[in-house]
Amino acid sequence: MAIDGLFLYNIQEKLNAYTPCKIGKIQNISDEEILIHLHTRNEGNQKLVINVHSNTNRVYIANFIPGIQPEPSNFVMVLRKLCSQAIVESFEQVGYDRILCLHLSCRNEFQDLVKYDLNIELMGKYANMILVKDGVIVDALKRIPVFENAKRFIHPGAKYVAPTQPEKKNPFEIKNIDLDQSLVKQIY
């Protein structure tokens, strides 16, 4: 099932019930699927699975994981180095779109407090997971050069630019609907 903005809104609400929580292990399930172990206060340990495959992109809490890749990807190694033992302060959906942002705070090697955003973009063939610090991309699961996508350059060191948001109405605040147009074109 494809995830839309309203479904992701419900997922984000459920995930925020776990916050604040601590990140434990970070592992690869496949090349485009990452497992993050969350240690929560009230719900115990949870397994957050993030899949950014173009056809099966989703975010969910898993009870059973069939297998873990023995060798972690470079992106998982970066996440382990920078975000291991980080606190997930909140899960935020960006504008009822298919973007989920994990707001992380952790300590660096000098014990300074550092804030990161792990942006999970669940947008079909453009699905990606991007680690951002102060508006600059630290790393991404799928690096996208300029010649592949002229609108967004996704590479370490580049400025993070969110995907363009269509001009649509918030589904929870809608007052009037144009019955001559498609609902999909009017509401997130």
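Per the numbering used here: the sequence shown = residues -16 to 171. C-beta atoms are modelled at their ideal positions from N, C-alpha and C, and glycine is treated no differently.
Can you check whether the CB of Arg90 is closer than 8 Å to the CB of Ile9? no
For a minimum of 3 consecutive residues, which ranges assigned as the beta strand (DSSP E) are wholly contained in the region 114 to 153? 119 to 123
Option in Pro53, Asn38, Thr23 and Ala45 with minimal Cα separation from Ala69: Thr23
DSSP bridge partner residues for Cys66 (one or two, in chain order): Partner(s): none; Cys66 has no beta bridge.
Determine contact between the region 0 to 7 and the region 71 to 79, defined as no fewer than three beta-carbon pairs at a distance below 8 Å. yes
Since Val35 contacts Glu15 with CB under 8 Å, what's their CB separation in whole angstroms? 5 Å
Return the CA-CA distance between Asp122 and Tyr143, expressed in angstroms with no decimal places. 10 Å
Here's the rule: buried if 16 or more other CB atoms are within 10 angstroms of the residue's CB, otherwise exposed. What is Leu162? exposed
Take the Cβ of Phe58 as the centre, count every other Cβ of all protein chains shown within 10 Å, and call the residue buried at 16 or more, exposed below. buried
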